[in-house]
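The structure under discussion appears below in the form of C-alpha cells.
Protein chains in written order, with my numbering: chain A, 97 to 472; chain B, 2 to 343; chain C, 1009 to 1479.
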C-alpha cells in the first residue's frame, strides 16, 4: 500500500432523524419481522438478499454492488447503554461520546485537533451544510461550514463581481497588520483565517472535472462538493454532511425508501468519482444515525427506538458483517426495541486508531474494543 | 332558560387525526376540511416552515380509514402552495384552495391533477391580497375573503370575478383582516371579521344584514374569530380562535353554547399508544386537565397545557349529516360534535 | 448637543439595549442620561409585535413545536420592543440560567421560562431564584423531577449553588446534599408522563403538552437540614433565603452583570464598581434594578474604560443589525431563519453548549462565526431598500453640501453607525474602497440609486470590520 496516513480522510454522513435499521437491513426470512411490521414491512420479494437471513432495502441496490465488491462493513446492533430516544440528546451522545452528561466537545473536533495540533490548515475539517455539527465543535478548532462551495466565503450576496472583489480586498487589508490589543489582534488573525479558508476552498470546483454525474439532491451535491475538495488536495481530512429526515413516524416505506435511494446513489457516485481521480484508497465513509426505531410499527411508520446499523464504506474496508443482528423475539427486546450489542465508540475507535492513526482513547472518552473492518 | 340553552346545543362525538411529521396518514397543522359527495373527508395540511414541503390534502372517511393524499407540492409553480388557508369542493369534486402568500386560488382534482389557478396581488377585480376563507354556494359561486384587501370577492368556479364588497374599518360592511366565511341555506354570507372580533352577516350580493359579537371573553363575545358555518336550522358556529373555543349562536345571533374542547384518542392515536406502552402507561396515570399556576392565564397558554382543549381552532365546517368539525392547527386533529336531535 | 454626549448615549444603548439610530440618540440626549436610565429600568408597555399577528402568519410560532420557532419569536420581540433592557435582561438570565432544548424537546415551556425571566428580570434576586426553582423547564433540565424524598438527585441543588448563585468554593458537598433535600417534591405536573415524552421527543398524539410546576408535599423531605451553618426544617425558599444573603452571591451576580453590561475583562477600576454594586445589592434587598442603576450611573461606566470593551454576542449582533435596518417590523416570510443565524454564529437560543452556558468575550468569534456575522449584518445593512438604511442615508444627505469623497463617506457612515472609532488601518482601507467606488453625491436632485448603493456597500464593509464586532 502506497498510501500514507497523511492523505487518509474520513467522510461522515449522518442520517438525521433516526433511520429504521429493520427496513434498511431486513431479516426477510424471519416471520417475526412480518408479524411486527404488518403495515410498514418490505415484502419478501422486493428485498435484495444478502444471504439466507438478511437483505437490503430495495432502494439500496448501489450499496449492494459495493457490498458485493467487499467494500461495505455493516455494523449491526450498534448503540450504547441506557439508550436515549430523544433526537437531540441521542445525537449529542454520538457527537460527544459522552452518554452521562451534557458535554460540549465533539469527537471529530478532537480528531481534527490531533491531526493538526498547530491549526496550520484552517480547512482540515469541512462541513457541508450550515452551522457547525456538534461532532466537529471543539474550542480553538477551526472548521469551515460550507452551504454551497460555489458561493462560499465572505460577502456572497454582493451581486456585482467587481464590488465583491473590492470588498474582499479591503477586508484583507482591514484585518491585516499588528495591533497592540489582544482582542483586536485575535480578531485580525481570525479574519485572515476566514479569508484564507474561503480562498482555498473556492479553488476546488474550478480545478475539478469528472465524468460522474451526481443527482440533483442535497446529499449528492454535498458529496460532489466533498469530492471536489478531496481531489483538489487541500489537506482536508474530515468531511461531514447529513441527510434526512429519516424520522419516519408516518409513510415510512415511501419516505425512507426515497431517502435511501438518494443516499445509496450519492455514495456510489462518490466512490466512482474517487476511483476516477485515483483517490479511492484514501477515503473511508462512515454512515451513522442517532438511534433505531420501534420493532412494532404504528400503522403507518415507526416510532423512536434503539439499536441501529452503521456502515463503513471504502476500498480499504474489510467488507462484511460486524456485530450481531439483534433478535426480534420478545424476550430479546429492550422495551420494544432492538437490543444493542456493541458500543458505537468501538466503531469510532477503530476509525480513529486504525484508519487515522490517532490515539483513540481520549477521542472517544475511553477504551473500547476495536473491530477489524480496516484493512491492515 | 335551561330549555332555551339546550336548543341548538351540540354534544361531542369523537376526535379524528393524529400529528405527523411526515407525509401519509396523519395531519400536519391542518387548516381546513371539506367533504366530497362520496363520503370522503379532505383535510388541508398547511404545515409549518420546517415541514413546508409536506403541504397537502389528506383523505379519510368517517370510519377513520386513511385514503391517500394529493398536492402539487410546496412552491410557486402551477398548482403549488406556500401558505394555503382554506378550501371548498364543487359538484365535480374539484377542490379550490386559497393561498395567502401567493394571492391566488388553485383548483385541483382529488388525484392531484392541476385544473386551473387565478389571482395575483392587487386591488383590482380578479386580483387579491392574502385570500383566506373560501366557501361555495349551492349555485356554485365561490366567496373568497381577502385578508389584505378587507373585502369579499365572488368568483365563478372558472375564476371570473363576479364583484366584491367591503373595505377597511370597523363599521357595518367594513373589515379588519377577515378570515373565514360560511353560507346559510338561504345563501346569506357570514364573515369572521377577525381583528374586529365579530361575525358579520350579508345577503348573497353583499348587503349588510347583521353583526354579532364584540371584543371579549364573555358569552357571545369573541377574540379574533377565525371560522364560521351555519346549519340548516340557522344555528351559527364560530371558531373563537383567540379565546381557543367554539361558540354556537342561534339564528338571531343569541348565545347558545360554548365549547372549550374535550378531545379523546382518535383511532390513529390509539394505534400509536398500542405500540408505545411507556407513553401509554404514564399517560394513563396522568391528569390531562390539571389545575394551572396563576401566571398561565391566557386561553392560549392554557390550551398549550391542557391537551383536550381546543388549541388553534382555525376552521369550523359541517358535513352532510350536519356534524360539526373543529379543525385545530396546533393540535393536528379535528374534534367532531353534533347538534342534539330534539 | 456634543459629540461626547451622543457617543455616551450610544454606549448606554448598545449595552442596555440593542443600539439606537441617530435620531433616537438625539432624543435621548435631550431627555438626559439619568432619566433615560430610569426609563430603561422601569419599562412600560413593550408595544412589541402583537401575538395575534405573529400566530396568524406563522403557524409554527403559534404551535411553537420547533426550537427555532421559539427563538425567532423571541427575536421578533427583541427587535420590536420599546423596552430593550427588559429583553436584554431576559437574555442575560438565559445566558446565566442556560437551559437547553436538547434534553427538553419543549419550546413552549422554554418560552414560558423566558417570560418568567422577563417578569422578574429587574426585581428581587430572591424571587427570581424561587421562580427559577419552580420553572418546569429547569426542573427537567437539571433532573429535579428525579429528586425524591429519601432518594435525592443533587443536580439542581449543586448547580443552584455553583452556576446560579455563589460559585464554586463557597459551600461544601454536604451543603449540596442538604440543598437538594430541601428541593425534594419540587416537580412538574404529570411528571412521569412529561419526562417520558421529553426523553422520547414525543409529539404524539396531539403535539407537545407544555409544562407547569407542581409541589408534591408527600415527596418533600421535611426533616432537619444544616445548610451553610444554619439548621432548620428548610424547604426550597428557606435555602434561597440563606443563599441570597451570602457575600459570595452578591459578588457572583454583580460580577456577571458587570461582564454582561460593562466589560468582558474586569479591571481594577471595574472591581471598585463591582464593590459598589454589591453594596447596593444588600441595601436594596437584592434588587437587580438598583444594582444596574449603580452600574449605569457610575463614573466608570461613563468613562472611556468600558467603551468598546465587549465583544458583541451573536443575538445582540443580529438584533442590533435588524433594528437598525428596520426590517422584520411585521410578520415576515422567512423570519423563522433568524434564530438559525444566531446558531450559525455560535449562540443558538435555547441551545447552550453545556449547562454552563456560553463562552463569551472573544470566544464568541472563530473563523466560521466571523463569516456568518459579516454576511448576516452585511445583508441587512448593505441593502439600500431596507427602511433603516434608507433613513440613515437620508440623514446623511441632509448634512451634505457637495459630493462626498471616499474618506468623507467613511467618516459619515462610521459616525451614524455608532459613532464607531476606527483604527487608522481600517479607516484607510475603507476610504480606499469608497474611493474606488467613486464619490457619492447625496444632494437633493443629484442623489441617485447608484449613490445610495455606494453608501450601502460601504455600510456593509463597515459592519465587516473588527471594530463593529465590539459593543
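Every residue gets a Cβ at the ideal spot worked out from N, C-alpha and C, and that includes glycine.
- Around the CB of residue 413 (chain A), 16 or more other CB atoms lie within 10 Å, so the residue is classed as buried.
- In the displayed model, residue 409 (chain A) falls within a strand according to three-state DSSP.
- Of all residues in the stretch 1212-1223 of chain C, only 1212, 1213, 1214, 1215, 1217, 1218, 1220 and 1221 place a beta-carbon less than 7 Å from a beta-carbon of chain B.
- When 8 Å is used as the limit between beta carbons, residue 20 (chain B) is near these residues of chain C: 1211, 1212, 1213, 1214 and 1215, in chain order.
- Under the three-state reduction of DSSP output, residue 1218 (chain C) falls in the coil class, being neither helix nor strand.
- Membership of residue 111 (chain A) in the beta strand (DSSP E) is indicated by the continuous run 105-111.
- The three-state secondary structure of residue 271 (chain B), taken from DSSP, is helix.
- DSSP places residue 100 (chain B) inside the beta strand (DSSP E), whose first and last residues are 95-100.
- One thing to note: residue 385 (chain A) has its Cβ within 7 Å of the Cβ of residue 115 (chain A).
- DSSP places residue 1233 (chain C) in the strand class (E or B) of the three-state scheme.
- Counting of Cβ neighbours within 10 angstroms places residue 147 (chain A) among the exposed residues, the total staying below 16.
- The residue among A:275, A:395, A:237 and A:246 with its C-alpha nearest the C-alpha of residue 289 (chain A) is A:237.
- Counting the other CB atoms within 10 Å of its CB gives residue 1373 (chain C) a total of 16 or more, which places it among the buried residues.
- Proximity of chain A to residue 176 (chain B) at the Cβ level (cut-off 7 Å) is not reached, the minimal Cβ distance being about 38 Å.
- In the three-state DSSP reduction, residue 1460 (chain C) falls in the helix class (H, G or I).
- Using a CB distance below 8 Å, no part of the stretch 1389-1419 of chain C faces chain B.
- In this structure, residue 239 (chain A) sits near residue 228 (chain A), with a CB-CB distance shorter than 7 Å.
- Not a single CB atom of chain C sits nearer than 7 Å to the CB of residue 179 (chain B).
- The continuous stretches of alpha helix (DSSP H) do not include residue 346 (chain A), and DSSP gives it neither H nor E.
- By DSSP's assignment, residue 223 (chain A) forms a beta bridge with A:241 and A:336.
- Runs of the beta strand (DSSP E) spanning 3 or more residues and lying entirely within the stretch 1247-1286 of chain C do not occur at all.
- Assigned with DSSP and collapsed to three states, residue 207 (chain A) falls in helix.
- Taking 7 Å as the threshold, the shortest C-beta distance from residue 11 (chain B) to chain A does not fall below it.
- By the Cβ-count criterion, residue 1320 (chain C) is buried, with 16 or more other Cβ atoms from all chains shown falling within 10 Å of its own Cβ.
- For the pair residue 215 (chain B) and residue 208 (chain B), the CB atoms are not nearer than the 7 Å cut-off.
- Listed in chain order, the positions of the stretch 275-304 of chain B with a beta carbon within less than 7 Å of a beta carbon of chain C are 279, 280, 283, 284, 286, 287, 288, 291, 293, 294 and 297.
- Per DSSP, the unbroken alpha helix (DSSP H) holding residue 1434 (chain C) starts and ends at 1432-1445.
- Residue burial is scored here from C-beta neighbours: residue 447 (chain A) has at least 16 other C-beta atoms within 10 angstroms and is therefore classed as buried.
- In this structure the stretch 322-337 of chain B lies against the stretch 257-274 of chain B, because at least three pairs of beta carbons, one per stretch, are closer than 8 Å.
- For the stretch 169-197 of chain A, the residues whose beta carbon sits under 7 Å from a beta carbon of chain C are, in order, 180, 181, 182, 183, 184, 185 and 188.
- Taking all protein chains in view, the Cβ of residue 1136 (chain C) is crowded by 16 or more other Cβ atoms within 10 Å, so the residue is classified as buried.
- A direct Cα-to-Cα measurement between residue 1134 (chain C) and residue 1025 (chain C) gives close to 25 Å.
- For residue 136 (chain B), the enclosing beta strand (DSSP E) begins and ends at 132-137.
- Straight-line measurement puts the Cα of residue 1324 (chain C) at about 57 Å from the Cα of residue 126 (chain A).
- Secondary structure of residue 209 (chain B) (DSSP, three-state): strand.
- Just so you know, the alpha carbons of residue 1197 (chain C) and residue 1066 (chain C) end up roughly 29 Å apart.
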